[in-house]
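Each residue of the sequence shown is one higher than the last, beginning at 1134 in our numbering.
To start, the structure under review is shown below, and the notes come after it.
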Amino acid sequence: MVATTAADYNTTDRAVEMAIDIYFDGSHSAPVRCLRSNYIVDCTLLDEACTDGSTFVGQPSSNELSFTLLGERGRFNPTNASGPYYGKIKTGVMVKAYIRPIDLAEEVEYEWDLLGTFYVTDWQTDITGITASVTANDILYYLFNSGMTKLPVLDDVSYEELLEAFLDYNGYTATVVGDLSTHIPYGFITVSNDKFLSEFSLGALAYIFCDHNGDVEVLGIDRESSIDYTLTDSDQIVSMKADQSILLEYDGVSLTYALPYISDEKDILAVKDVELNAGATGRYQTQQFSSTPVYAINRVASSSDHRIMVKDVSANSIDVDYAVANLTAVKATYGLNFYGFTVDSLRVAKEDSGVSLLKIDNVYVQSDEYAEYLKQLLSKYISLNVPKLELEVRGNPKYTIGSKLHIVSQAYNVDFTGILIRQDYKYDGGLSATLTVMNSEIIGD
C-alpha cells in the first residue's frame, strides 16, 4: 500500500472511501469493518479544539463521530435476539474511523488514514430495526462528564504541571505542544472537570483535544509556527463566509483576575455531636470543608469530655478523610473543629471604558502582567475585521487541529492565514467539510 499525502486528497478527480471499524468483542479482537459498499449510509465527524464561545478559546470538547448503518434482518438492532451482535451493542464499544483516496484506475492502493478512536455513547434503531443511528465520542467525553478532581493546592506551579496533575489524577496522559511554562502562585481545582478545563484553557492559552490517533493533545496557542497547508479555489475551497469583527457586539474588554494569598487560620470544618462506643474507632470519608480551597490543616480541636484521638488524616483542597478513636471504656460524644489555611484571592479587574464589554473572570490568571497580556489578546480578537473564517471545502483529512492554513481565494478576494480549530466532515459516498480557522493575527503570528 502507498502512504497518502495532502495532494492525494486535493486532486480534482479524486474519490474517497471511508471505513468504520466496530469492536463488538473488545479492543483486542477483530472488528466488524463497515464500508459504503456494505453497511455505511452516511457519516459525520466533528473534529475540534473547542466549542464556540465568546473568546477565541472556547470550552474544550470531545470529538464526535455520528453514522448511519443499514443492515438486513435487523443486523444492528440491539433488541434483535437473533442478530449477530445481540448483547454486544452497548455504550463504551470502541469504534475507529478511517478514510483513504480511491485510485479509479486501480493502479495504486492507498493506506488508510486514521481519523480518530471513539466510544459509543448512543445507539438507536428505527421502528423497522433495519437502520441504526450511532453516536460515538473520543475519550475526553468521559473526562468532561466525570465529577470533580480533588488535588492538594500546588505552590508555584506551571500551567503544564497543573494540567499534568489533573490528567494524572483522572488516568490520562497528554502530549503538550508549545510553551505552557508560565507559573502561577497557587494551582487548585474547586469545580467540576468540564468547568475547570474551560477556565484553565483560557487562562493557560491552550487548546485541549484528541488528535487523529486518539491521543490527548494540549496545544499552546501562543506559539510561532510556519504554514502547514495552502488552500485555493483550484483544490479545496468551495465557498466561505467571514464573521466580521465582534466589535459589533463588544466595544471593550473587562478581565477580572486573581491575586491569591494564604489566609489567616480559620475554622474549615465543624463536626458536632458524634457518638462513638467505648474503645471503638470510627472512620469518616470525604468530609467536605466549609471553605475551599484548603491550603493546609493546622490543627484539630475536640470538644469531648472523654479521651479521643484523631488519626489517619488525609486531605486535599476540598475534603478530608480521617479516623477517630475512643480511648476510654465508656461511650463518648464528641465534636471536632478542623482549623487551617485557605487560598483566598484579591479580585482585580482590568476594564475598558466601553458600554458593551466582553466580560471574563478567570482564577488562573494570577498576575498583573499576565492579565494585561491576556487582555491585549482579547482586545485584538474583538477588534479584528475577520477574527475567524469559515470555509466549505472538499475535505482533506491530512489537516489537523492546530494546523496553520494559508487561504488564498481569487473568487472571494481573500488572503487569510490562521489556525485550524474545527473541521466538520460529512461523508455520503463523497467527502466535504466545513473548516473554522482562527486569525493568527490574534497571537501576533
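Just so you know, even glycine gets a beta-carbon here, dropped at the ideal spot from N, CA and C.
Task: Neighbourhood of I1379 by C-beta, 6 Å cutoff - its chain only, sequence neighbours within 5 removed - done: Reliability fails at I1379, whose pLDDT of 49 lies under 50, so the model's placement of it is uncertain and the value that follows must be treated cautiously. Closer than 6 Å at Cβ, skipping near neighbours: I1515.
TODO: Go through its chain and collect everything with a Cβ distance to I1222's Cβ below 6 Å, but skip five positions before and after it.
DONE: P1211 and W1256
Task: V1386 and S1512 closer than 7 Å at C-beta - done: yes
TODO: Compute the distance between the beta-carbons of S1195 and N1303, then report whether it is under 7 Å.
DONE: no
TODO: Since I believe K1464 is in contact with E1408 (beta carbons under 8 Å), could you give me their beta-carbon distance rounded to a whole number of angstroms?
DONE: 6 Å
- [ ] Could you work out which residue in H1345, S1372 and L1335 is closest to D1355 when comparing CA atoms only?
- [x] L1335
Open item on the list: Considering just the uninterrupted stretch of the beta strand (DSSP E) at I1395, what are its terminal residues?
Closed with: G1385 to I1395
Open item on the list: Report the CB separation of G1262 from G1207 in whole angstroms; it is logged as a contact under 8 Å.
Closed with: 4 Å
Open item on the list: H1345 and Y1249 - do their beta-carbons sit closer together than 7 Å?
Closed with: Here residue 1249 turns out to be Gly, not Tyr, going by the sequence shown. Their beta carbons are under 7 Å apart, which means G1249 touches H1345 by this criterion.
TODO: Assuming L1388 and K1508 form a contact by the criterion Cβ under 8 Å, report the distance between their Cβ atoms to the nearest whole angstrom.
DONE: 5 Å
TODO: State the DSSP-derived secondary structure class of D1485, mapped to helix, strand or coil.
DONE: coil
Open item on the list: Can you tell me whether Y1219 is helix, strand or coil according to DSSP?
Closed with: coil
Open item on the list: Give me, in chain order, the residues of the same chain whose beta-carbon lies closer than 6 Å to that of S1372; leave out the 5 immediate sequence neighbours on both sides.
Closed with: E1525
Task: Where the beta strand (DSSP E) through G1249 begins and ends - done: D1246 to T1258
Open item on the list: Just to confirm the assignment: which complete beta strand (DSSP E) runs, minimum length 3, are found wholly within the region 1456 to 1532?
Closed with: 1465 to 1484, 1490 to 1495 and 1521 to 1526
Task: Reduced DSSP category for L1276 - H, G, I as helix; E, B as strand; rest coil - done: helix
Open item on the list: Spatial neighbours of K1531 within its chain, please: C-beta separation below 6 Å, excluding the five flanking residues on both sides.
Closed with: A1139
Open item on the list: The alpha helix (DSSP H) that contains Y1417, what's its start and end?
Closed with: Note, Y1417: premise wrong, no alpha helix (DSSP H); beta strand (DSSP E) at T1414 to Q1421.
Task: 7 Å Cβ cutoff met for T1475 and K1521 - done: no
- [ ] Output yes or no for whether 7 Å exceeds the beta carbon distance between A1544 and D1366.
- [x] yes
Open item on the list: Beta-carbon within less than 6 Å of S1489's beta-carbon, same chain only, minus the 5 sequence neighbours each way: which residues are those?
Closed with: Y1383 and D1384
- [ ] Look at the alpha carbon of Y1142 and the alpha carbon of G1528, and state the distance between them as a whole number of angstroms.
- [x] 8 Å
TODO: Work out the CA separation of L1168 and K1559 for me, nearest whole Å.
DONE: 15 Å
Open item on the list: For A1456, which residues in the same chain have their Cβ closer than 6 Å to its Cβ, ignoring the five residues on either side in sequence?
Closed with: T1414, R1416, K1444 and D1445
Task: Own chain, CB closer than 7 Å to R1166, minus 5 neighbours either side, in chain order - done: A1152 and D1154
Open item on the list: So, at 8 Å on beta carbons, what are the nonlocal neighbours of E1244 in its own chain, with the 5 sequence-adjacent residues on each side left out?
Closed with: M1134, V1135, A1136, T1137 and R1233
Open item on the list: Quick check: Y1394 and S1435, are their CB atoms within less than 7 Å of each other?
Closed with: no
Open item on the list: Within 7 Å of any Cβ in chain C, is that where the Cβ of D1271 sits?
Closed with: The structure shown contains no chain C; it holds only a single protein chain.
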